[in-house]
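A short worksheet on the structure shown next.
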Amino acid sequence: MKDPVTKPKYAKLPEQPETKVIYGEAVTKPPITSDADIMWLNTAEASACSAEEVAGRLRVDPRLGLSWQEATYRRQLAGYNEFSVKEDEPPWKKYLEQFQNPLILLLLASALVSVCMRQFDDAISITVAIVIVVTVAFVQEYRSEQSLAELTKLVPPQAHCIREGSPDSFMARELVPGDVVRLSVGDRVPADLRLFEAVDLCIDESSFTGETEPADKNVAPVSNPNGTHTEYTNIAFMGTLVRCGFGKGVVINTGVNSEFGSVFKMMLEEEAPKTPLQKSMDSLGTQLSMISFAIIGMIMLIGWLQGKQLLEMFTIGVSLAVAAIPEGLPIVVTVTLALGVMRMAKRNAIVKKLPTVETLGCVNVICSDKTGTITKNEMTAADVRTSELYQADITGTGYNDIGEVILRKFDSADKTRESIYQVFEAGVVCNNARLQDGELKGQPTEGALLCAAMKHGMFNPGDRYIRLQEYPFSSEHKIMAVKCIQKYDKSKQEIFFVKGAVERVLAKCTKYSQNGVAQPMTQNRVQEYMQDASSSAREGLRVVAMARGDSLQDLMYLGCVGIRDPPRATVQDNILTLLQSGVQVKMVTGDSRDTAVSIAHQVSIEANPSQVVSGEQLDAFGEAELDAAVQHATVFYRVSPKNKLTIVKSLQRTGHIVGMTGDGVNDGVALKKADIGIAMGQNGTDVCKEAADMILTDDDFGTIIAAIEEGKSIFYNIRNFVRFQLSTSIAALSLIALATLMSIPNPLNAMQILWINIIMDGPPAQSLGVEPVENDVVRQKPRNTKEPMITRKLVGNVFLSASIIIAGTLWVFQKEMSSAGITARDTTMTFTCFVFFDMWNALSCRSQTKSVFTIGLFSNRMFLGAVTLSVVGQLLVVYFPPLQRIFQTEALTMWDMIFLTTLTSSVWVISEIKKLIERVMEQRGKQGKRSPLEYV
């Protein structure tokens, strides 16, 4: 709620009394005499005051409106009716900000050191990697920064206003507080208005409040509002849409001072948090830096103890540290994320920022908007109950005739269908909606009645009648009635058709229909009908009763129709899948408690009384109480945009990774603040799409499941790459370091080390980043974001693989080396041994827990192709004469190759045995049995 004290009062405007003749009556407009003559009003104040008091405080006569001079002066004080988006930083500055990533800074330092040491090939490869990664990240971020700009589209280009007593239309941005605005069907409300005239006025506020049904508006003051927008029945909010009727109102707030402006300001203040992957990569950069300095320090210390020159040992240490840094990691991460984004696009999810796609793998709470996300945001007739207490279910969804009426409780099928016909006939004749080219024109409730009649085989029952008069629906009377005559009835007998709230319709009924025959209404019968309607209401249905008669005070009750905004077809299964995988699902809606709880039960969300919290309660809680309530609650109802933001912040404060879904403007702030905002693409507003990180083009909640699969797989693939590259790096470095420190000949020459480095960062390594999604990945628990990229288990696997590679390679080198010195065969055997170890190690790195045969030996075709090319390349290095001269190798025998293949496969065999033992231990742990190792 805005604080009126913070707003300036209007300054004095010299003006003479002005007289206008309006509708034959002379109207004199009083002059402004002091600064206090015009006061700012917030929504609560304007709603609580009468229309005359609001006009008086704003110093405007509703019949005259403002003068053009006065409007110009007020605009100088209040500003234009628009949202001013602050200018973005220049592109070059945003590009440079990408270099602040710790891993990028570490790679830059590595490139600089490589140049200083004249290792230009390393410097070039590192620089190219940096440029690729930074450019891709910049392009993705630059294209997605449009969320605040989209809010300006809420202000319609034209407004219909009264200035100086004359109707006029001009740009809505010119409106100022005190202007008098006219509203009619189809208009988008141009500013916050206090209504002083409302005739059958209904405004669609679903994108703002979350309410499915259009809000009925009136002009009466609202006493003691509870602070929710739905309570302000005399206020028309900027950006909402007039569904029916017409009205007039005085502008009370414009631009950023409007209620939508508060959403804008919150979005301006909130920054999107870093994704878990970005945090992991930052942590990895820090860890690698520490490892690099540790290597340098260890090499210098050992060299100093051996009596070697410190400068020499420093040079060796820096060279090894630079080589240890996986410059291919940023590229693999970027490529893996980009491929994940492309796969997600094929599965109807558009991801706007690369790191976002991995975030869903960490999400452990999804806060889902109800209207338009869990439900379809369209009213559908679900059942019909006749005056004979017959019942039938109505199938199908959407504004069409696809579906049928299935009898459920009846005596005679023919009589029941005739009774249902009478109910639908009243609902269709007393109706202003129409279906045109598959689109509904009119109110959703009336559209649902039209579709229900069509499913019963009734396509134009209203054509039999001529409408003489309409008594429009009002929030006070809660009924609509039409007076008609039959087209071919010579007697011209008038017939009234009525629909509305059950209790209001029954109050006008003196009889009820019993198989077409009128029977006197009794109190017991009224109670039966009320109980019948209540059973529908408890299922979350909106009940509309029908009647007909010769006068409005002598009606015959026909029955009622239960209408709901149905859940999407697959939502229940998707929510169950999420719950089974350890992801909490919380429903957040602006609807009433009963509706929210009913829908929650339908989609398998627990909604015990202690788990249901209102927006009003959230406002009253202290921080500790709030955090406890938000964690425990599963359903939030009557919430405002501020409440949604509060829920997200509370969950993040208590250590959760939050996914937020939504489709309306009221969801925009929470979507931006959440760790991942998910917008509906078909029915979502532009604001929520731009504020979100991911857009579901099919509005299918199930697409989130697919995104979670991709997110988890991407992180696992990146971790697999890190394991492979670190184990290879450590093995290569250890060979060189051991040879240097032990004063023995280097087992590999410079060109061979370069070739190993290419393999280490090249296709075999990068193909690990595109490992297909595992079938059971969605059932695994969300990743713990506090866990670093390099875990204790990963380090154990890295050192195990590196130890095997080092031991095997040194054994081959020692075995081949003769007393005569190093020969070409010695280095060729050692070189080939290391490369083959690398290929088998890559195979074992495809999964941290599963056997290669379980995930499929041929499931990753890119990996098979990369390994095949690497092996062919190694064979060319060994057997192709020109390459033999470059790499100083010689041809090996077939038995040599068989020997090396058998030896090097040990790194894969040992890894597979280790995975098997871990799986058995995990399985026994789940069964509550002791592991065999516990007996040792």
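When you number the sequence shown by the numbering used here, it's gap-free, plus one each residue, and the end is 1151. Ideal placement from N, C-alpha and C gives every residue a C-beta, glycine not left out. Computed from a predicted model, the values in this text were never measured in an experiment.
Nearest residue (CA-CA) to residue i, options the options
| i | options | result |
| --- | --- | --- |
| asparagine 858 | Thr610, Asp882, Thr869 and Thr849 | Asp882 |
| tyrosine 614 | Ser477, Asp652, Thr876 and Asp629 | Asp652 |
| valine 985 | Lys927, Pro382 and Ile951 | Lys927 |
| isoleucine 891 | Val988, Thr574, Phe688 and Thr1006 | Thr574 |
| serine 1018 | Ile862, Thr1064, Lys1030 and Leu950 | Leu950 |
| threonine 785 | Thr595, Thr588 and Ala733 | Thr588 |
| valine 827 | Ile517, Arg853 and Ala835 | Arg853 |
| leucine 604 | Ile862, Ser634, Gln1138 and Glu1127 | Ser634 |
| tyrosine 295 | Phe411, Gly476 and Leu311 | Gly476 |
| phenylalanine 939 | Pro979, Ile959, Glu838 and Ile418 | Pro979 |
| leucine 963 | Thr1024, Phe916, Thr1042 and Gly522 | Thr1042 |
| asparagine 586 | Ala815, Phe836, Ile681 and Gly393 | First, the residue type needs correcting, since residue 586 is threonine and not asparagine in the sequence shown. Closest option to threonine 586, Cα to Cα, is Ala815. |
| alanine 270 | Gly677, Val396, Phe335 and Val1050 | Val396 |
| alanine 413 | Gly464, Pro781 and Ser982 | Gly464 |
| valine 400 | Asn647, Ile862, Asp383 and Met505 | Asn647 |
| threonine 601 | Ile710, Lys630 and Val578 | Lys630 |
Residue range of the alpha helix (DSSP H) that includes residue i
| i | result |
| --- | --- |
| aspartate 419 | Unbroken run through aspartate 419 is the beta strand (DSSP E), 407-419; no alpha helix (DSSP H). |
| phenylalanine 461 | Run containing phenylalanine 461: none in the alpha helix (DSSP H); it sits in the beta strand (DSSP E), 456-468. |
| aspartate 842 | 838-847 |
| leucine 1025 | 1007-1031 |
| arginine 1076 | 1076-1094 |
| phenylalanine 1068 | 1067-1070 |
| glutamate 260 | 258-263 |
| asparagine 803 | A quick correction: the sequence has valine, not asparagine, at residue 803. Segment 799-803 is the beta strand (DSSP E) holding valine 803; no alpha helix (DSSP H) there. |
Where the beta strand (DSSP E) through residue i begins and ends
| i | result |
| --- | --- |
| lysine 726 | 724-729 |
| histidine 871 | Taken as a continuous stretch (DSSP letters only), histidine 871 belongs to no beta strand (DSSP E), as it is neither H nor E. |
| threonine 595 | 595-601 |
| glutamate 754 | Looking at the DSSP string, glutamate 754 is not in any beta strand (DSSP E), and its letter there is neither H nor E. |
| methionine 736 | That residue, methionine 736, is in no beta strand (DSSP E); it is neither H nor E in DSSP. |
| cysteine 699 | 694-701 |
| aspartate 769 | 769-779 |
Check whether residue i and residue j have beta carbons under 8 Å apart
| i | j | result |
| --- | --- | --- |
| alanine 1039 | glutamate 1105 | yes |
| valine 1092 | leucine 1084 | no |
| glutamate 297 | glycine 470 | yes |
| tyrosine 686 | leucine 721 | no |
| threonine 448 | glutamate 420 | no |
| valine 1086 | alanine 1057 | no |
| arginine 409 | alanine 266 | yes |
| aspartate 878 | alanine 894 | yes |
| threonine 849 | alanine 889 | no |
Coil, strand or helix - residue i by DSSP
| i | result |
| --- | --- |
| isoleucine 959 | coil |
| tyrosine 225 | Only weak support exists for where tyrosine 225 lies, its pLDDT of 36 falling under 50; the coordinates are left without a value. |
| methionine 513 | helix |
| threonine 1047 | helix |
| lysine 888 | helix |
| serine 381 | strand |
| valine 1135 | helix |
| arginine 333 | coil |
| phenylalanine 711 | strand |
| cysteine 582 | strand |
| glutamine 284 | helix |
| proline 232 | Its pLDDT being 45, under 50, proline 232 is placed unreliably by the model, and nothing is read from it. |
| glycine 555 | helix |
| alanine 906 | helix |
| threonine 612 | coil |
| arginine 853 | coil |
| glycine 896 | coil |
| isoleucine 565 | strand |
Proximity test, Cβ basis, 8 Å: residue i and chain D
| i | result |
| --- | --- |
| phenylalanine 411 | Among the chains of the structure shown, chain D does not appear; only one protein chain is present. |
Pairing CB atoms from the segment 739-759 with CB atoms from the segment 706-713, are three or more of them under 8 Å? no
Is the segment 788-806 touching the segment 910-924, taking contact as three or more C-beta pairs under 8 Å? yes
Across the segment 1060-1079 and the segment 934-941, are there enough close Cβ pairs to call them in contact, namely three or more that are closer than 8 Å? yes
Tell me, please, whether the segment 626-645 touches the segment 768-787 by the rule of three or more beta-carbon pairs shorter than 8 Å. yes
Below 8 Å, how does it come out for the segment 906-918 and the segment 602-616: are there three or more Cβ pairs, yes or no? no
Does the contact criterion of 3 or more C-beta pairs under 8 Å hold for the segment 663-681 versus the segment 428-435? no
Three-pair Cβ contact test at 8 Å for the segment 588-598 versus the segment 939-953: no
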